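Quick note: to get our numbering, add 77 to the position in the sequence shown (first position is 1). See structure below.
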Amino acid sequence: MSFGAILGRLRRAVIGPPRNPFDPRVREHIALAAFFAWIGLGADGLSSANYGPELGYLALGENSHLALYLAVLTAATVFIIALGYNQVIQLFPTGGGGYRVTTSLLGRHAGLIAGVCLIVDYVLVIAISIAAGVDALFSLLPLSWQPYKSVAGVAAILLLVTLNLRGIKESIAILMPIFIGFLITHGGLIVWGIGAHATNFPEVVAASVSETEIVAGASGWFGVAAMLLAAYSLGGGTYTGIEAVSNNIHVLAEPRVRTGRVTMMYMAVSLAFVASGIILLYLLWDVRPTAGQTLNAAVFRQITEGWVLFGQPIGAAIVTISLVCAGGLLFVAANAGFLGGPSVLANLAADEWVPHQARSLSNRLVTKNSIFLMGTAALVIFVLSRGQVSFLVILYSITVFGAFSLTLLGMCVYWVRMRGTHPEWPGRLLLSGTGFLICAGILATIVWQRFDEGGWITLVIVGVLACVCWMVNRHYRTTRELLARADRVFTRKVVPPTSAPPPLDPSAPTAIFLVGGSIGTGMHSLLWVRRLFPDQFRNFIFVR
């Protein structure tokens, strides 16, 4: 057996056999119902509860009782952004999400910035989810294992590339048990942890009010607002992933709009519950950072300390299962980057901001080129950042809230245009405007406070990629102009028209030219063939 045949068999075993695009069962197989979409697309948002609340809580420093306000703000923000993106799903049911909204309502160049932000966002989804997942899993291991985190992260990215080359639903079906396990373990610990200290809740509220007055007395109410805004902004990674449904609605099962709205509801409820619940756990259990552990791992150990079943301690086992599920969910969230990124690239390719190859499907009906691109970019960022979650979150949050802000600003423009013609336009405009102000405020705060800590890197990356996309678009425009010039040259009537074409000789050699939109290209090919083979072809056929 030849080397090529061996390689082909290996590829078929890893990626799977080709799919028939004309088989009506294929669309049914690859389309996602709301539950599967919640797993494949919602895991990005839900997994952010593993690092977003922690960063926000730690930003409060000694004023940890202000976290009560942070928990309320977090839950409210999740629902505001989710409701805003529900409007996007209704108005753009063919997909494209923030890119399509911004391009249609704010102009193509604003759309380009939104599209580039989304691409960088999805690359960082992969990198930060893998980094945070590795951190969660290595919280179970001795400190001596820490140097191996980078190797584990690289291996996880390569595994996800392979899974996504097989197809969308295959990757989700494999990762579904992890998603369910996360919900059960974390939901149970949140309910138990809050319930165990429920009697102390009035004291916590009183302490929060007292601490607010103390901070206000020392630095004024502006100081209280600034402290909360800083923590709120640094925890902004919590809200990432909410836009994934609107960007990928084309992969949802029919009716797409209804499936998208149900999926969005699942995402908003689960994320608001887990994220705000974890912040309350930090506050109620007065958790403190521990070397080599995430804050979630530390609070879960406090909650389960002393748990016994049939005379045997089970706390360590419960924490282990919870952290394994958390790490696994972060890997599921990384997979969302491989679903959303290629979708945005395909939309950019349709508008010729990136090469047309970004829309090409493999024989497994996945955008193979885009999957490789996303995986490679995530590997580079993960290795260069050394998997530091605190650094990656800064890069991540800027692109996320850049895309959020442009999208919701576009929705504001839409509802202003619809004033007087749509009965619900004032409420819709208020919702979109509130979402825009929240997202723009978080974006400005992160850029201002974290510019020197990596914020400038994101701005440079977005700017450079936007310039590259503009040059690609200019290349396509120049090529079209040259083809149009060739059309004008070759369509001139250089010979008198004939009433009937010469008859074809069935026995003579025939050259067939498949001509697309450019007649000049076809004529140029004809002259090239006649020059190379002056006596070999008698019949020439053009097919448009």
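Just so you know, even glycine gets a beta-carbon here, dropped at the ideal spot from N, CA and C. From a predicted model like this one, the values you see are computed outputs, not experimental measurements.
Quiz item: What span of residues does the alpha helix (DSSP H) with S353 cover, start to end?
Solution: R333 to L361 is the extent of the alpha helix (DSSP H) around S353.
Quiz prompt | Same chain, Cβ closer than 8 Å to L469, neighbours up to 5 away in sequence not counted | solution = The beta carbon of L469 is closer than 8 Å to those of L201, A204, I205, A208, I458 and S462 in its chain, skipping five residues each way along the sequence.
Quiz item: S482: which of M253, I257 and G174 sits nearest, CA to CA?
Solution: Relative to S482, the option among M253, I257 and G174 whose CA is nearest is G174.
Practice problem: Could you please give the first and the last residue of the uninterrupted alpha helix (DSSP H) stretch that includes M495? | Solution: No alpha helix (DSSP H) contains M495, which DSSP labels as neither H nor E.
Exercise. Pick out whichever of I398, S347, Y553 and G512 has its Cα sitting closest to the Cα of L701.
Key: The shown model of the chain, from 78 to 621, leaves out residue 701, and the question about it has no answer.
Exercise. Within the same chain, show all residues whose beta-carbon is closer than 6 Å to that of H433, passing over the 5 residues directly before and after it, in chain order.
Key: In its chain, beyond the 5 residues on either side, A426 have a beta carbon closer than 6 Å to the beta carbon of H433.
Quiz item: Which term fits E320, buried or exposed, when burial requires 16 or more other beta carbons within 10 angstroms of its beta carbon?
Solution: Buried, because 16 or more other Cβ atoms sit within 10 Å of the Cβ of E320.
Quiz item: Can the beta-carbon of G210 be found closer than 8 Å to that of F408?
Solution: The answer is yes: Cβ separation under 8 Å.
Quiz item: How about L361: is its Cβ closer than 7 Å to a heavy atom in the ligand HEM?
Solution: The ligand HEM is absent from the structure shown, which contains no ligands of any kind.
Practice problem: Check the DSSP bridge columns for L372 and list the partner residues they point to. | Solution: Paired residues: none, contrary to the question.
Quiz prompt | Local conformation of F99 per DSSP, three classes | solution = Low confidence applies here, because F99 scores a pLDDT of 47, under 50, leaving its location unreliable; read the following figure in that light. In the three-state reduction of the DSSP assignment, F99 falls in the coil class, being assigned neither a helical nor a strand state.
Quiz item: Are the region 447-455 and the region 188-202 in contact at 8 Å, needing three or more beta carbon pairs?
Solution: Flag = yes, the region 447-455 and the region 188-202 touch.
Quiz item: When the Cα of W362 is compared with those of C194, I255 and F278, which residue comes out closest?
Solution: Minimum Cα distance to W362 is reached at F278.
Quiz item: When you compare each of V155, N446 and E131 to A144 by their alpha carbons, which one comes out closest?
Solution: Of V155, N446 and E131, the residue nearest in Cα terms is E131.
Self-check item: Of the listed residues I471, S181 and W430, nearest to L168 (C-alpha basis)
Solution: When C-alpha distances from L168 are compared across I471, S181 and W430, the shortest belongs to S181.
Quiz item: What is the residue span of the alpha helix (DSSP H) that Q164 lies within?
Solution: Q164 -> alpha helix (DSSP H) spans A144 to L168.
Exercise. Report the rounded CA-to-CA distance for R185 versus L160, giving the unit in angstroms.
Key: Going by the C-alpha atoms only, they are around 25 Å apart.
Quiz item: How about A480: is its C-beta nearer than 8 Å to some C-beta of chain C?
Solution: Reference to chain C is not applicable here, since this structure consists of a single protein chain.
Quiz item: If you run the structure through DSSP and keep just helix, strand and coil, what is V606?
Solution: Helix, per DSSP.
Quiz item: To which residues of the same chain is T397 closer than 7 Å at the C-beta, ignoring the five residues directly before and after it?
Solution: Excluding residues up to 5 positions away in sequence, L217 lie with their Cβ nearer than 7 Å to the Cβ of T397 in the same chain.
Practice problem: Please confirm whether G479 and G230 have their CB atoms less than 8 Å apart. | Solution: 8 Å or more divides the Cβ of G479 from the Cβ of G230.
Quiz item: Cα separation between P500 and L506?
Solution: Straight-line Cα distance between these residues: approximately 11 Å.
Quiz item: Buried or exposed: where does N373 fall if 16 or more other Cβ atoms within 10 Å of its Cβ makes it buried?
Solution: Buried is the call here.
Quiz item: Looking only at DSSP bridge pairs, what is P390 linked to?
Solution: Bridge partners of P390: V385.
Practice problem: May I ask you to verify whether the region 327-346 touches the region 537-554, counting CB pairs closer than 8 Å and requiring at least 3? | Solution: No, they do not touch.
Practice problem: Using beta-carbon positions only, say whether S227 and V460 come within less than 8 Å of one another. | Solution: The answer is yes: Cβ separation under 8 Å.
Quiz item: Quick one: what's got a C-beta closer than 8 Å to A293's C-beta in the same chain, skipping five residues either side?
Solution: Excluding sequence neighbours, A293 sits near G300 and V301.
Exercise. Using the Cα positions of V322 and E382, report the straight-line distance between them to the nearest angstrom.
Key: Rounded to the nearest angstrom, the two C-alpha atoms are 39 Å apart.
Self-check item: For L442, the three-state DSSP class (helix, strand or coil)
Solution: Its pLDDT being 46, under 50, L442 is placed unreliably by the model, and nothing is read from it.
Quiz prompt | Three-state class that DSSP yields for I128 in the structure shown | solution = The sequence shown places Tyr at residue 128, not Ile. Looking at Y128 - three-state DSSP - the assignment turns out to be coil, as it is neither helix nor strand.
Quiz item: From V493 to G504, what distance separates their C-alpha atoms?
Solution: Those two C-alpha atoms are separated by around 11 Å.
Exercise. Rank I395, C402 and S447 by C-alpha distance to the C-alpha of T239 and give the top, closest one.
Key: Residue S447 is the option with its Cα nearest to T239.
Quiz item: alpha helix (DSSP H) containing T511: first to last residue?
Solution: Annotation for T511: the continuous alpha helix (DSSP H) segment containing it runs W502 to R527.
Quiz item: Would V572 be called buried (16 or more neighbouring beta carbons within 10 Å of its own) or exposed?
Solution: Interpretation of V572 is limited by its pLDDT of 49, a score under 50 that renders its predicted location unreliable; the figure taken from the coordinates is listed afterwards. Classification of V572: exposed, given that the 10 Å Cβ count is below 16.
Quiz item: Is DSSP giving G264 helix, strand or coil here?
Solution: The answer is helix: DSSP assigns G264 an H, G or I state.
Quiz item: What number of angstroms, rounded off, separates the C-alpha of R441 from the C-alpha of L237?
Solution: A caution first: R441 carries a pLDDT of 48, below 50, which makes its placement in the model too unreliable to give a value.
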